[in-house]
Amino acid sequence: MEEIRLNINGREVRGLKGQTILEVARENGIDIPTLCYDERVKIYGSCGLCLVEVEGAPKLLRACATEISNGMVVYTDTKKVRASRKVALELLLSNHTGDCRPPCRQACPAHTDCQGYVGLIANGQYREAVKLIKEQLPLPASIGRICPHPCEDACRRRLVEEPIAIAWLKRFVGDVDLASEYPYMPEIKPPTGKSVAVVGGGPAGLSAAYYLAKEGHRVVVYEAMEKPGGMLRYGIPQYRLPKEVLDREIDLIKKMGVEFITGCRVGRDVTSDYLRSSFDAVFLAIGAWRSSRIGCPGEDLDGVMGGIDFLRAVAKGEPVNMGRRVAVVGGGNTAMDACRTAVRLGAEEVYVLYRRTRNEMPANEVEIKEAEEEGVKFVFLVAPIEIMGRDGRVAAVRLQKMRLGEPDATGRRKPEPIPGEEEILEVDTVIAAIGQEVNPEGLEGVDLTRKRTISADEGTFATSIPGVFAGGDAVNEGPGIAIEAVADGKKAAEVIMSHLEGNVIPYREPYVVKRDDLTEADFADRERIPRAPMPHMSPEERKTNFREFVLGYSEEDAKKEAMRCLECGCKDFFECKLIKYANEYGVNPEKLEGEVNRYEYREDHPFIVRDPNKCILCGLCVRVCDEVIGITALGFVNRGFDTVIRPEFELPLKDSSCISCGQCVAVCPTGALQEKPPVAKPVPVATEKKHTVCSFCGVGCSIKLDIRGDMILRALPDRESPVDAGHLCVKGRFGFSAITAGERLTSPLVRENGKFAETAWEEALLYAGRKAQGIRAMNGGESLAVFVSPGLTNEEIFMAVEFARKGLGTPHVASFGNSPGGLKDILGCDASTNSLEELTSTDLLLLIGCRVMEDYAVAGLKIREALKRGTQLVVINPEPSITDEWAHRVVRPENSVDFLKALLKGLIEEGFTSGAARAEGFEELKASLADTAVPDDIREIARLYGRARNAMVVFDHERLTRDAERLIASIAVVTGHIGRPRNGIIMLRAKSNAQGLVDMGVTADAGEILKLIEQGRIKGAFIFGEDPAGSDAAVTGILEKLEFLAVQDLFLTDTARLADVVLPAAAFSESRGSYTSAERRVQWFERALPAVTGRENWQVIQDLASATGCAFSFKSPEEALDAISRQIPEYRGIKKPALTRCGIFWPAGTKDAFGTPVLYREGFNFEGGRAKLAVSAGGPAFRCMGPTDVVERAFARKMRETGIAR
């Protein structure tokens, strides 16, 4: 290929003729944004994002469609390019409908991810919920108690009945965390050497300190009061926020390394100059500690006090002389705190005086209601015009009666006096709770506003002094609610961090798509579920003390309440490319507002969510379904502005030809196509991706499990995988959901008096070991049997075999999920002879007894790729399949090996016998075919196969008999289509480690062992990970004849119900070790989650062996693999460090680190190196083995029940 030199962004790079700018840029790590490109499909160029500037070109060019040329100079990020991309994004967003983030989160000043943590609570992921909350809010238990929750005001559940109790759920999970043995602590980055002084230990200061310390900065908090907490401690009464809760949350901040210096006031005990000179930055969060004055005569009398002063005195335990009658002026939450505190201090009559009506009160409705319940009397439409005294102390308050006039600037109706109408209220104390003010003393040099608050930049929080920042109640507009101060602290911390790095980056509100067009009608179909009531003390019980009277949710109530969430925010937010680019390019699509499409759609696919209102018509889903998968389940409908992507014939997706591989979801750049997570409450959260190997069929695909807490939310394809190149089938993509479909076993069960009882691990293992030893002592080791699942790892199978042979002394080791194959009889190994990748480059493919796209779709895609390159496909299958449409010839044989014998005879008669010299028994075989007739269609296939330069056979071990497999092997040997690249046999296996099972020596026939049980010769058995009784009812009666049965499985399966001992198993996601795929590729994988049982399978098997007196010395699966590499010849030399992501093909004892993809190049696996052809008498060719794995069976049942089984 001709090499071409070009320059991209000043870098000299090289490419090959025919490559595009985008391809070369990606190869060189240069990012060019795109929303419609995938290298597997044809160029479409619809998104308009990949535009670049090329010297000499009069206009911007699409990088995805422009081929490179010598001397080309390309610029990918100029002003012109960015402006064009911005417009392109704005055009896409102008017709994009949805909620990137839920309205509750957007309404929260701190942007706490309400939907996220509510969903995590619904799923029982409490630690993850706290972790998520603390990304924005370090005080969930405290703020959850006192926040006026603007999030709930925005909650769309109120369009159904009542909003979600978001704040109470925050409190619940905060309490759960504080009560745990190890409350959540964020990971602290290494020390940066930078330091920050925080002045003020209230919500803003505590938040800033938390996030700065988390980043590794040294933080010192200077607090004027005796203890940190600010208004949370001194302005919120104990009955609403127990200070023990606040102390525990502050203690966690202290444990992060934050230093607190209390009783230290700036300007009195330390100067601002000292702070500026001693620290790299200063954050002022001094709060607003002065109560606003009423502004009427008499307010200097004894008995008149500010609301903040009153609450602070009570919090500090100072004596407060109130008298019998107390009037609180104001209508906000401070007024409610003051009046209710007065009640608790013993005041006989407590009045709230407010100049508007109840409807205009800014206090929370629940606070007003609870105050009324406690005996507080509300006097509306009055304003104090004089506080009257007697002997220097308050005696009464003269009130001006008011009425509501026109609305003021805030929209509230302005109160105005009614001339001549007054009243006098006799009181002993007046508490003014009408506002708070800032005391800026000691902050010399800092500019103030007209309100005497600190003047701070809205985006950077910077004051007039370089390096000094400010936030919370003390800045600009003055006091707000606590969560607003928390938000300021977090945002300011982010800006301060950028300042410490030398470049101040202002806080910018991220762009998100929002919906404001929803009404009650949109939720008319939702079930009405009342809000979970919050238990609390009665008014009579609570008003005489300061004990916390709101008692908190139980776990059951919290999860029930969290399940009410409507899930408004897009669940694809964290994966969405559209929103990522929208913020990168600073879009403003509002300027292009116009008509927006609204698509009505019906979708009931069990695994895929489809929302055409979020579609940007990139066409990737349509193209990948057609061009890559070979299915046309999706297509464009209509034209122009009305264009929409829909399933074929406008059917629901599950009723179309869709094979549910999820590839359309994988390529979708927005939330138009999403997975349905198999959890109680789907929730959009950032996840951790863990690489593993699929546990279903033997193709051995790589998958990335999307993990949050102990939940698996998605299984994603791995584009870097050498096995599947980023493709998965329905089982690999969605099958993991079956793990969570039932109630997992977590503790061992032992049968006592006919019933199961939970038992400690040690007791259960010891009991099983003694029972096995007793049977062996009485009847010999051959009276025991072990059955092993082909879903276990090589290491687990190896240890199970060692346990059987050394611990139990039995040769009876088999698997219900696998049966002896016929290849070994002819070739010497019961294994595929070539790699799957060779399918893409052979000349002819013979597909026998295999529904490859339905059962092994990734292998099927390799066949499809081969066909694109000119390979011919012949399908011989007793039932229809997707590949029939691709095939050159399709044959529907009877269920007899006669068609294979005819094919073999036809090959011999046509002279395609170049490999016969490498085999024994050719003449006998030839003679045995003398009476076999060769139909014309079979003779044609013989000629195609025989004449092909390269030819391979693919069959499904689950669907062919042993005789059929022998004949296939004989066909390959006789014709010479074996023992060299692109010539051979692929034996597909239905279970992930069926090949490893055979390699580890599990080759006995389970059916024969069942006969021995029926005959009474086998009296005890261990079954690891299989449920034969669930697959075949006849097995139940046989297993019931055993004197002892031990079963290890994920669930209490039908087989487990027959057992005397049931041991919990670890799922594939909780295991580590290696699988050997159907192509003999050995791959290592690590566990994605800890085992719910506390023990991995290898540990259980090792402990069982110990209980029978056979002690293994393995300390890890790695050590078991080392033993395999010593004892299994094909695995010699295989060590974990060598098992890179490509894996190793056994036999591995070669100089090539890749192993041996092609078998039999130097001879077959018999002494002398010659194959052993065998005469076939006849019999069936096809069979059907049902899955004995409970997970696979459960998933297959779900596919059938939901109508997507193909």
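Going by UniProt numbering, the first residue of the sequence shown is number 1, and it counts up by one from there. C-beta: ideal position from N, C-alpha, C; glycine also. Computed from a predicted model, the values in this text were never measured in an experiment.
The alpha-carbon of Gly1179 is positioned some 28 Å away from that of Ala1029. Contact between the region 465 to 478 and the region 273 to 290 is established, with three or more Cβ pairs separated by less than 8 Å. DSSP, read as helix, strand or coil, puts Lys377 in strand. Between the region 1143 to 1161 and the region 743 to 757 there are fewer than three inter-stretch CB-CB distances shorter than 8 Å, so the stretches are not counted as touching.
The alpha-carbon of Arg398 is positioned some 29 Å away from that of Ile236. Considered as a whole, the region 736 to 796 harbours 761 to 779 as its complete alpha helix (DSSP H) runs of no fewer than 4 residues, in chain order. Rounded to whole angstroms, the separation of the alpha carbons of Phe696 and Arg989 is 10 Å.
For Lys614 against Gly671, the beta-carbon gap comes to about 5 Å, under 8 Å, which counts as contact. Under the Cβ criterion (8 Å, minimum of three pairs), the region 898 to 911 counts as touching the region 940 to 955. A straight line joining the alpha-carbon of Asn545 with that of Arg344 spans about 6 Å. Taking every protein chain shown into account, the CB of Pro102 has 16 or more other CB atoms within 10 angstroms, so this residue is buried.
The C-beta distance from Ile739 to Val1191 rounds to 6 Å, short enough to fall under 8 Å. DSSP, reduced to helix, strand and coil, places Trp1084 within a strand of the structure shown.
When secondary structure is reduced to three states using DSSP, Asn7 falls in the strand class.
Judged by DSSP secondary structure, Gln872 falls within the beta strand (DSSP E) whose first and last residues are Gln872 to Ile876. The residue among Asn895, Leu1039 and His691 with its C-alpha nearest the C-alpha of Leu784 is Leu1039.
Beyond the five residues adjoining it in sequence on each side, Glu1079 comes within less than 6 Å, by CB distance, of Ser832, Ser835 and Leu836 in the same chain, given in chain order. In the DSSP assignment, Gln674 falls within the unbroken beta strand (DSSP E) covering Leu673 to Glu675. Following the DSSP letters along the chain, one finds Lys704 inside the beta strand (DSSP E) bounded by residues Ser702 to Arg708. In this model, Leu120 and Arg564 are separated by some 13 Å (Cα to Cα). For the pair Ala347 and Glu259, the Cα-to-Cα distance works out to about 40 Å. Here Val352 really is in contact with Phe378; their C-beta atoms are around 5 Å apart, less than 8 Å. Taking each of Arg708, Pro684, Arg623 and Gly700 in turn and checking the Cα distance to Lys690, the smallest one comes out for Arg708. Residue environment for Gly1203: exposed (fewer than 16 other C-beta atoms within 10 angstroms of its C-beta). With contacts defined by Cβ atoms closer than 7 Å, Thr793 and Ser1071 form a contacting pair.
When the five nearest sequence neighbours on each side are left out, the beta carbons in the same chain lying within less than 6 Å of the beta carbon of Leu139 are those of Glu249, in order along the chain. Excluding sequence positions up to five before and after Pro191, its CB lies within less than 6 Å of the CB of Gly216, all in the same chain and listed in chain order. Rounded to whole angstroms, the gap between the alpha carbons of Asp1189 and Leu1063 is 16 Å. If you draw a straight line from the Cα of Glu1008 to the Cα of Asp1032, it comes to about 15 Å. Leaving aside the five residues that flank Val788 on each side, the residues in its chain whose CB is nearer than 6 Å to its CB run, in chain order, Ile797, Ala800, Ser815, Val1002 and Phe1024. Look at Tyr354 here: in three-state DSSP terms it is strand.
For Phe955, the enclosing beta strand (DSSP E) starts and ends at Ala951 to Asp956. Around the beta carbon of Glu879, a 10 Å sphere encloses fewer than 16 other beta carbons of the protein chains shown; the residue is thus reported as exposed. Taken through DSSP and simplified to helix, strand or coil, Glu1040 comes out as coil. With fewer than 16 neighbouring CB atoms inside 10 Å of its own CB, Arg508 falls in the exposed class.
DSSP, reduced to helix, strand and coil, places Thr1076 within a strand of the structure shown.
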